[in-house]
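Asker: Got a structure here, written out as structure tokens. Questions coming.
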Amino acid sequence: MKAPEEPLQAEITDIADETYDTKTFTVSYSDAKAQKKFSFVPGQFMMVSIFGYGEIPISISSSPYKTESMRFTVVNVGNVTNAMHRLRKGDKIGLRGPYGNGFPLQKFRKKNIVFVTGGCGLAPLRSAIYAVQAKQSEFGKKFILFGCRTPANILFPDDQKKWAEEGFAVLSTVDRCDANWKGNTGVVTCLFDKAELPVENTVVLVCGPASMMKFSLIELRKKGFKNTQLYASLERVMQCGMGFCAHCNIGNKYTCVHGPVFSAKDLGEMPVEEE
Ligand SMILES: Cc1cc2nc3c(=O)[nH]c(=O)nc-3n(C[C@H](O)[C@H](O)[C@H](O)COP(=O)(O)OP(=O)(O)OC[C@H]3O[C@@H](n4cnc5c(N)ncnc54)[C@H](O)[C@@H]3O)c2cc1C
Numbered sequence: 002m003k004a005p006e007e008p009l010q011a012e013i014t015d016i017a018d019e020t021y022d023t024k025t026f027t028v029s030y031s032d033a034k035a036q037k038k039f040s041f042v043p044g045q046f047m048m049v050s051i052f053g054y055g056e057i058p059i060s061i062s063s064s065p066y067k068t069e070s071m072r073f074t075v076v077n078v079g080n081v082t083n084a085m086h087r088l089r090k091g092d093k094i095g096l097r098g099p100y101g102n103g104f105p106l107q108k109f110r111k112k113n114i115v116f117v118t119g120g121c122g123l124a125p126l127r128s129a130i131y132a133v134q135a136k137q138s139e140f141g142k143k144f145i146l147f148g149c150r151t152p153a154n155i156l157f158p159d160d161q162k163k164w165a166e167e168g169f170a171v172l173s174t175v176d177r178c179d180a181n182w183k184g185n186t187g188v189v190t191c192l193f194d195k196a197e198l199p200v201e202n203t204v205v206l207v208c209g210p211a212s213m214m215k216f217s218l219i220e221l222r223k224k225g226f227k228n229t230q231l232y233a234s235l236e237r238v239m240q241c242g243m244g245f246c247a248h249c250n251i252g253n254k255y256t257c258v259h260g261p262v263f264s265a266k267d268l269g270e271m272p273v274e275e276e
């Protein structure tokens with residue numbers, strides 16, 4: 002187990018509005034040497050301190066091949082995220098990490114790869130999608146299935162367009178549509194048939210709200226996927242990020258250290274929790 006770390010100071014260099022409740026912050030360490038040394042695995046997260054408010058886990062949503070800065074895509078849900086949304090370009094934050102295991106993308110080489118995302122779940126998966134995009138010839142067929150509540154919650158529309166242009170099959174759906182919506186309506190699992198997912202030699206990476214992940218895994222198993230083909234990135238309330246505090250444990254596993262990415266095989270061996 003690593004010793005506890007102190008947060009390093011970092012500066013916000015850009016802020017982009019993604020939706021009415023979601024912003025992406027571009028951040029670099031104030032110490033250029035620390036930024037130069039920085040690297041991460043897609044799916045890993047940082048502990049982000051907003052001074053005077055608290056510290057929260059946030060996934061890195063930028064490319065693992067562009068580490069001159071890092072991006073965090075943050076939904077405003079409560080005390081700390083609300084304070085973060087009030088920050089401006091040039092403001093300072095604290096960073097510890099990167100923590101967690103990330104997606105084992107090396108293991109997925111030569112396989113078809115399917116990203117199933119719900120709402121802000123596309124943020125943690127975006128770094129993995131960028132990694133696959135950068136090395137497309139190493140993978141088979143590529144699918145991105147994105148579901149969100151309404152058209153106003155659609156995340157990264159420019160990226161989604163680019164991924165489609167570059168050979169990913171990108172399908173999206175909304176739970177509730179408005180008069181202008183011409184796309185699919187329904188939860189993300191309704192895209193599984195439409196996408197005609199190949200089961201053989203395929204891995205599926207799922208990230209989103211707990212119920213979306215639960216029903217996605219159930220439906221994927223019905224389609225013939227085995228637990229060893231399915232991976233989910235979990236969000237648990239956590240404090241230390243390093244396996245000390247036990248806030249994020251499920252049975253004998255710590256989400257912060259053994260996860261946040263688990264195969265469905267691992268999940269099947271963990272105790273079932275009440276939602
Ligand atoms: C590994 C990991 C990666 C994450 N990545 C992202 C990300 O990329 N973008 C993003 O917007 N959010 C992400 N989250 C969730 C984010 O950490 C919480 O939204 C944040 O901690 C809420 O803090 P708050 O003070 O604003 O809200 P609070 O006022 O503490 O709570 C508001 C609501 O959020 C819930 N909540 C609080 N802490 C967490 C938590 N750690 N995880 C899940 N729910 C929580 C509370 O139960 C409550 O319902 C991630 C969480 C984990 C564990």
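Heads up: take any position in the sequence shown, counting from 1, add 1, and you land on the working numbering.
Cβ coordinates follow ideal geometry from the N, Cα and C atoms, glycine included.
Specify whether the region 158-167 and the region 182-189 touch according to this definition: at least 3 beta carbon pairs, one from each stretch, less than 8 Å apart.
Answerer: Short answer: they don't touch.
Asker: Out of curiosity, what's the CA-to-CA distance linking Asp15 and Lys67?
Answerer: Residue 15 sits at position 14 when you count from the first residue of the sequence shown. Residue 67 sits at position 66 when you count from the first residue of the sequence shown. One C-alpha to the other measures close to 15 Å.
Asker: Going by beta carbon distance, what residues of the same chain come within less than 8 Å of Arg110, once the five residues before and after it are set aside?
Answerer: For this step, residue 110 is matched to residue 109 along the sequence shown. These residues qualify, in order along the chain: Glu139 and Phe140.
Asker: Is the separation between the beta-carbon of Val117 and that of Val200 shorter than 8 Å?
Answerer: The residue you call residue 117 lines up with position 116 of the sequence shown. The residue you call residue 200 lines up with position 199 of the sequence shown. Contact: no.
Asker: Rounded to a whole number of angstroms, what is the C-alpha to C-alpha distance between Asn175 and His248?
Answerer: Within the sequence shown, residue 175 is the residue found at index 174, counting from 1. Within the sequence shown, residue 248 is the residue found at index 247, counting from 1. Note that residue 175 is Val in the sequence shown, not Asn. The alpha-carbon atoms of Val175 and His248 are separated by roughly 33 Å.
Asker: State the DSSP-derived secondary structure class of Glu19, mapped to helix, strand or coil.
Answerer: Reading the sequence shown from its first residue, position 18 is the one you call residue 19. Glu19: strand per DSSP, three-state reduction.
Asker: Which full runs of the alpha helix (DSSP H) of 4+ residues lie inside the region 41-84, going along the chain?
Answerer: Here no run is fully enclosed.
Asker: With three or more beta-carbon pairs closer than 8 Å as the criterion, would you say the region 123-137 touches the region 93-112?
Answerer: Touching, per the Cβ criterion.
Asker: Name, in chain order, the residues that DSSP records as bridge partners for Ala170.
Answerer: Taking the first residue of the sequence shown as 1, we reach residue 170 at position 169. Answer is Phe144.
Asker: Where does Gly278 land, buried or exposed, given buried means 16+ other C-beta within 10 angstroms?
Answerer: Because the chain is modelled from 2 through 276, residue 278 falls outside the range shown and cannot be assessed.
Asker: Any idea what DSSP makes of Glu275, helix, strand or coil?
Answerer: Residue numbering aside, residue 275 sits at position 274 when the sequence shown is read from its first letter. Unreliable placement is indicated for Glu275, whose pLDDT of 47 sits below 50; the coordinate value is still reported in the next sentence. It is coil, neither helix nor strand.
Asker: Quick one: grab the DSSP three-state call for Ser138.
Answerer: Position 137 of the sequence shown, counted from the start, is the residue given in the question as residue 138. Three-state result, Ser138: helix.
Asker: Would a C-beta distance cut-off of 8 Å place Gly53 and Gly260 closer than the cut-off?
Answerer: The sequence position of residue 53 within the sequence shown is 52, counting from 1. The sequence position of residue 260 within the sequence shown is 259, counting from 1. Taking 8 Å as the Cβ cut-off, Gly53 and Gly260 do not qualify as a contacting pair.
Asker: By DSSP, does Ile130 sit in helix, in strand, or in coil?
Answerer: One-based indexing of the sequence shown puts residue 130 at position 129. Looking at Ile130 - three-state DSSP - the assignment turns out to be helix.
Asker: Tell me the residue span of the beta strand (DSSP E) that contains Leu231.
Answerer: Taking the sequence shown and counting its residues from 1, one reaches residue 231 at position 230. Looking at the DSSP string, the run of the beta strand (DSSP E) that includes Leu231 is Leu231 to Ser234.
Asker: By a C-beta neighbour count over all protein chains shown, 10 Å radius and 16 as the cutoff for buried, is Ala265 buried or exposed?
Answerer: Counting from one through the sequence shown, the residue named residue 265 turns up at place 264. Burial call: buried.
Asker: Spatial neighbours of Arg127 within its chain, please: CB distance less than 8 Å, with the 5 preceding and 5 following residues excluded, ordered by chain position.
Answerer: Residue numbering aside, residue 127 sits at position 126 when the sequence shown is read from its first letter. Same-chain partners within the cutoff: Ser62, Ser63, Thr74, Phe157 and Asp160.
Asker: Here's a check: name, in chain order, each residue in its chain whose Cβ is nearer than 8 Å to the Cβ of Asn80, leaving out the five neighbours to either side.
Answerer: Your numbering for residue 80 matches position 79 in the sequence shown. Closer than 8 Å at the Cβ level, and outside the excluded window around Asn80, lie Tyr54 and Gly55.
Asker: Figure out for me which residue from Arg89, Asn154, Phe245 and Gln45 has the closest Cα to the Cα of Trp182.
Answerer: Reading the sequence shown from its first residue, position 181 is the one you call residue 182. Ranking Arg89, Asn154, Phe245 and Gln45 by Cα distance to Trp182 puts Asn154 first.
Asker: From Tyr30 to Ile13, what does the alpha carbon distance come to, in whole angstroms?
Answerer: As a first step, residue 30 must be located in the sequence shown, where it is residue number 29. As a first step, residue 13 must be located in the sequence shown, where it is residue number 12. Their Cα atoms are separated by approximately 9 Å.
Asker: Once the 5 residues before and after Leu235 are set aside, which same chain residues still bring their CB inside 6 Å of it?
Answerer: Taking the sequence shown and counting its residues from 1, one reaches residue 235 at position 234. The residues are Thr256, Gly260 and Pro261.
Asker: My output table needs one value for Phe104: the three-state DSSP class, helix, strand or coil.
Answerer: On the sequence shown, position 103 is the one that residue 104 refers to. Phe104 falls in the coil class under three-state DSSP.
Asker: Let's see if you can read the secondary structure: which residues bound the alpha helix (DSSP H) around Ile219?
Answerer: Numbered from 1 along the sequence shown, position 218 holds the residue referred to as residue 219. Run containing Ile219: Ala211 to Lys223, per the alpha helix (DSSP H) assignment.
Asker: Can you tell me the Cβ-Cβ gap for Gly122 and Gly184, rounded? I've got them flagged as a contact below 8 Å.
Answerer: Stepping through the sequence shown from its first residue, residue 122 is reached at position 121. Stepping through the sequence shown from its first residue, residue 184 is reached at position 183. Not really, about 18 Å apart at Cβ, beyond 8 Å.
Asker: Measure the C-alpha to C-alpha separation of Asn77 and Arg97 and round it to an integer number of angstroms.
Answerer: On the sequence shown, residue 77 is found 76 positions in, with the first residue counted as 1. On the sequence shown, residue 97 is found 96 positions in, with the first residue counted as 1. Asn77 and Arg97: Cα-Cα distance of roughly 21 Å.
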